[in-house]
Structures are given as structure tokens and as C-alpha cells.
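Student: A single structure is presented below for examination.
In my numbering, the protein residues as written are 28 to 335.
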């Protein structure tokens, strides 16, 4: 059982912070991996989540609720065992400390690995940071939270510098430049750059597989097919790298340049398909808040993997 306690100070009154947290339908705007939450009755909610491609549904029960003070819950069925408590502490008339104490049983190898490297702690803190941003932006300053959910982007909405699409397109550009430099390099520099290509490529793929493709599968038209196609392209690149390792193809091998050109074309083809087919649909279907939340999750996944 994993157990994490994290806090955030929000610049809104106690009642505002508490009211926002009780609006469970807004959770997907700031909670990573949460697709939807539906209130069943005063004490029960139904959750749909997706983490690392694993989609799960469960019901949760509120076991204790003290207005403006604390809310405790536990899962009651489904394939996710978890429970926790969120507390609200006034710091001043305009500031509140929100603390989440969460315990859960990871349901699969990917989730267990994430807990082992502290990824769960990074994500929960990121969720709280997004909650702070979300509630502060919505608060009109009178202690209430208006019910004005974010609306999806139109296809013509310009990219912000830190939404998930902008981050991924930037990583594509970095990979393209790095691969071009590798092709033109020689000797030790070629070895160094090639190692960097493999490292960056695997980090990029991991972020997409854990954060982006699951949302594509769940939220966009023909998402299952789109996600499957992108995963197939990523597997092709991984196969090429594995084949080179088995054949002992290194940066100073005679066959390296021809092999590396195959890898480069596979990566460029994958990036082109994402930017033309997948990313515009994400921009069209998801709210700006959701796209920014995904960017935070992507960076958390890639940072944890690089540290590991």
C-alpha cells in the first residue's frame, strides 16, 4: 500500500477552497489520470481513470465530511483500492492550506514501478499545484466559486508555451536536430550524440505512452485506432534499436549510417503523424486546463524516468 501526504497553500478563503473541492465533476481539470467523476448521491461518486493505458472504474464513498474542515473517503468497489482525507486549514482570511493524505494499492507493474521511483508523489504534488492555479483563477474574490467549467479549444486556438502539445512539438524539434547532428558527427562525438538520441527518444516515448495516448484513446474520435497506430510506430523504432544492439551495430560500425537513417526516418514519420493527426484532435477536444495538466504529468513522468 502506497501512502503519500502533500500540501499546497492557495490564495483564496477557506470556504472557496472547500467548495471547489466538493465540486467533484471539476476534478479532471486538475487531477492527473482522471477522465471523469460523477456524483451518484450525497455520499457516493463514480470515477473513471486511466494511467499508463490502464483504464479503471470504481465507486468511492465519503465516510466523513466536516464542512470547511475535512473530507475523508474510501473506494467501495471496482479494481482500485484507495482511500484518504483532504483537510482545509485557514492561514489568513484570504489564504488556505489544503493537505491530501492518500493511500492506495497499485494495481499493475507500471503503477508499482511509478510508486517505487516516487512518481506518485510528484504527480500528487503537481495535482495540488494545478488545484491552486485552478481555484485562484476561478475565484472572483468574494469567497465563491462560479460554476463556469472550461470549454474545449477550437482548432484555431493558438498553442500556449506549456500545454502538452507545445511540449511534445518542442521535443520533436529537439530530436530532429539531435539526429541530424548525429548523422554528421564523427568519432567520439558520434557515439555521444547517438547515446543522447536513444535516451531522449525513450524518455519521449515513455511520456507519450503514459500520459498522451491513454487520453487519445478515451477522448477523441477514433482514438483507439489513432493510439494503436502511434504505439505501433514507437514499437518499430524500439525494434530498430534492439536489432542494432543484438547485431552490435555501434556508431563506428560500417553499417551504422544506413541503419541510423532507417531509425531517423521512422522517428520523423511518427512525429509527422502525431502533429498532423493526433495533436490537432487533442487541441480540439480538450480544455486548456486539461492540456496544461497533461504537460505537467508528461514532465513528471520523464523526470522520474531520467532520475531512475
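Yeah, the Cβ is synthetic: ideal placement off N, Cα and C, and Gly gets one too.
Using DSSP's beta-bridge definition, name the partner residues of residue 111.
Tutor: BP columns for residue 111 point to 100 and 129.
Student: Just the Cα atoms here: how many angstroms apart are residue 72 and residue 277?
Tutor: Taking the straight line joining both Cα atoms gives about 54 angstroms.
Student: I'd like the list of long-range same chain contacts for residue 225, defined as Cβ closer than 7 angstroms, with 5 residues on each side in sequence excluded.
Tutor: Contacts found: 268.
Student: According to DSSP, is residue 331 part of a helix, a strand, or is it coil?
Tutor: Helix, per DSSP.
Student: In chain order, which alpha helix (DSSP H) runs of at least 4 residues are fully inside the segment 260 to 303?
Tutor: Runs found: 283 to 300.
Student: Name the DSSP beta bridge partners of residue 155, please?
Tutor: Partner(s): none; residue 155 has no beta bridge.
Student: Assess, as a yes-or-no matter, whether the segment 58 to 71 is touched by the segment 193 to 205 under the definition of 3 or more beta carbon pairs within less than 8 angstroms.
Tutor: The answer is no - the segment 58 to 71 does not touch the segment 193 to 205, with fewer than three Cβ pairs under 8 angstroms.
Student: Excluding the five sequence neighbours on either side, which residues of its own chain have a C-beta within less than 6 angstroms of the C-beta of residue 209, listed in chain order?
Tutor: Taken in chain order, the residues that qualify are 220, 221 and 224.
Student: For residue 298, collect the residues of the same chain with a Cβ closer than 8 angstroms to its Cβ; drop the 5 residues on either side in sequence, then sort them by chain order.
Tutor: Once the five neighbours on either side are set aside, the close Cβ partners of residue 298 are 199, 202 and 203.
Student: At the level of alpha carbons, what is the spacing between residue 275 and residue 283?
Tutor: Going by the C-alpha atoms only, they are around 10 angstroms apart.
Student: Three-state secondary structure (DSSP) at residue 93?
Tutor: Strand.
Student: Apart from the five residues just before and just after residue 54, which ones in its own chain have a Cβ nearer than 6 angstroms to its Cβ?
Tutor: Once the five neighbours on either side are set aside, the close Cβ partners of residue 54 are 61 and 64.
Student: Measuring alpha carbon to alpha carbon, tell me which of 287, 270 and 244 ends up nearest residue 205.
Tutor: Nearest of 287, 270 and 244 to residue 205, Cα basis: 287.
Student: Helix, strand or coil: which one does DSSP assign to residue 70?
Tutor: Looking at residue 70 - three-state DSSP - the assignment turns out to be coil, as it is neither helix nor strand.
Student: Under DSSP, the alpha helix (DSSP H) around residue 306 begins and ends at which residues?
Tutor: 306 to 312 is the extent of the alpha helix (DSSP H) around residue 306.
Student: Should residue 93 go down as buried or exposed, given a rule of 16 or more other Cβ atoms within 10 Å for buried?
Tutor: Exposed.
Student: CB residue 312 to CB residue 246, shorter than 7 angstroms?
Tutor: Taking 7 angstroms as the Cβ cut-off, residue 312 and residue 246 qualify as a contacting pair.
Student: Could you tell me the boundaries of the alpha helix (DSSP H) in which residue 55 lies?
Tutor: Segment: none, residue 55 is in no alpha helix (DSSP H) and carries neither H nor E.
Student: Ignore the nearest five residues each way along the sequence and tell me which others in residue 97's own chain have a CB closer than 8 angstroms to its CB.
Tutor: Closer than 8 angstroms at Cβ, skipping near neighbours: 91, 112, 113, 114 and 115.
Student: Hey, how far is the Cα of residue 126 from the Cα of residue 151?
Tutor: C-alpha separation (whole angstroms): 11 angstroms.
Student: Determine the direct distance from the alpha carbon of residue 327 to that of residue 228, and round the result to whole angstroms.
Tutor: Each residue's Cα considered, the two are about 16 angstroms apart.
Student: Give every residue of the same chain whose Cβ lies closer than 6 angstroms to the Cβ of residue 321, excluding the five residues on either side of it in the sequence, and list them in chain order.
Tutor: So the qualifying residues of the chain are 191 and 238.
Student: Under 6 angstroms Cβ to Cβ from residue 187, same chain only, skipping five residues before and after it: list those, please.
Tutor: The predicted model places residue 187 with a pLDDT of 40, which falls under 50 and marks its position as unreliable; any figure quoted below should be read in that light. There are no such residues.
Student: How close, in whole Å, do the beta carbons of residue 233 and residue 329 come, if the pair is a contact with beta carbons under 8 angstroms?
Tutor: Indeed they touch by this definition, with Cβ atoms about 7 angstroms apart.
Student: When the Cα of residue 214 is compared with those of 271, 331, 306 and 279, which residue comes out closest?
Tutor: Considering only alpha carbons, the answer is 279.
Student: Does residue 39 pass the burial test, meaning 16 or more other C-beta atoms within 10 Å, or should it be called exposed?
Tutor: With 16 or more other Cβ atoms within 10 Å, it is buried.
Student: Measure from the alpha carbon of residue 37 to the alpha carbon of each residue in 124, 266 and 291, then state which is nearest.
Tutor: Here the closest residue by C-alpha is 124.
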